[in-house]
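Here the structure is laid out as C-alpha cells; the discussion comes afterwards.
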Amino acid sequence: MPRIHFHLQLAELKDKVLAMAALAQQAVESAVDAYVQRDQALCAYVKQNESAIDTAQRDLDEMAYELLAKEQPMAIDLRFILAVIKINADLERVGDQSMGISRRARDLMKMEPVKLPVDFAEMGEFAARMIRTAVLALLEGNARIADMVREMDDEIDRMNKNAQADLLKMIQEKPEFTQQAMNGKHCGDCNLLDSRRGRAAPVELVDGLREAAVSS
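So in the numbering used here, spot 32 of the sequence shown is number 42, and the numbers just go up one at a time.
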C-alpha cells in the first residue's frame with residue numbers, strides 16, 4: 011500500500027510539471043504577442059501569469075523535496091524527482107524571460123511605431139513549439155523526442171543571428187529608428203531563444219526532461 015501511495019504522488023508530481031509547462035508556454039506566447047501587437051493588456055497578463063508561475067514553482071518544489079525527504083526514493087524514482095526539480099527551475103526561468111520581453115514591449119509602446127525587419131511572431135511560435143516538444147518527451151517517456159529540441163535550438167540560433175544582423179543593418183541605413191531597432195535587439199537578448207547568452211531555456215529544460223524520460 012505505501013508504494014501505491016508513493017506512485018500516486020509521483021503521478022501528481024508529473025501533473026504539476028505539465029501544469030507548470032502550460033503556464034510557461036502561455037507566458038512565451040503572450041509576451042511575444044504583447045510585443046508584436048504593442049498590447050498593454052497582454053503585458054499585464056504576462057505579469058499576472060508570472061505570479062502564477064512563481065506560486066506553481068514553489069508548490070512543485072515543496073512536493074518534490076517532501077517526497078525526497080519522506081520516501082527516500084531509490085534509483086529510477088530518485089532520478090525522476092531530481093529531474094523534476096531541475097525542470098521546475100527551468101520553466102520558472104522561461105517565465106522570467108517572458109517578463110523581460112514584456113518589459114521591452116512596454117518600452118516600445120513609448121516610441122514612434124516602425125516596422126522592424128524581424129518576425130518576432132515566428133520566433134515566439136518556435137519557442138512555444140520547443141516547450142511543447144520537450145513536454146511531449148516527458149509524457150511519452152521518449153528521449154529521442156527530447157533530443158529533437160537540441161536540433162530546434164540550432165534553428166532558432168540561426169533565426170536570432172539573422173534578426174540581429176538585420177536590426178544592425180536597419181540602424182546603419184535608418185539611424186532615426188535606432189532606438190526602436192535597439193529595443194528589438196535587446197528583446198532578442200532577453201529572449202529565452204537566445205543561446206549566445208548561455209544555453210536556451212528550452213534546451214536546459216530538455217536535459218531534465220531527457221533524464222525523466224529515460225528514468226520513467
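We put the CB at the ideal spot given by N, CA and C, even for glycine.
Distance from V42 to A131 at the Cβ level is roughly 6 Å; contact confirmed, criterion being Cβ atoms closer than 8 Å.
Measuring C-alpha to C-alpha distances from D64 to each of A79, A54, A144, R103 identifies R103 as the nearest. Three or more pairs of CB atoms, one per stretch, sit closer than 8 Å, so the segment 19–32 contacts the segment 62–82. One Cα belongs to L88, the other to Q82, and the distance between them is close to 8 Å.
Per the C-alpha coordinates, the member of R13, L28, S108 positioned closest to R142 is L28. Following the DSSP letters along the chain, one finds V94 inside the alpha helix (DSSP H) bounded by residues 85–119. Rounded to the nearest angstrom, the Cβ distance from S112 to C53 is 5 Å, consistent with a contact under 8 Å. Counting the other CB atoms within 10 Å of its CB gives L70 a total of 16 or more, which places it among the buried residues. Remark: C-beta atoms of Y45 and R114 approach each other more closely than 8 Å. Residue environment analysis places I97 among the buried positions, since at least 16 neighbouring C-beta atoms fall within 10 angstroms of its C-beta. Take F187, set aside five residues on each side of it, and the residues of its chain with a beta-carbon closer than 6 Å to its own are V124, in chain order. When C-alpha distances from Q47 are compared across C197, M119, N172, the shortest belongs to M119. One Cα belongs to S40, the other to R13, and the distance between them is close to 41 Å. Taking C-alpha positions only, D25 is separated from L101 by approximately 14 Å. Linking A99 to H196 through their CA atoms gives a straight-line distance of about 23 Å.
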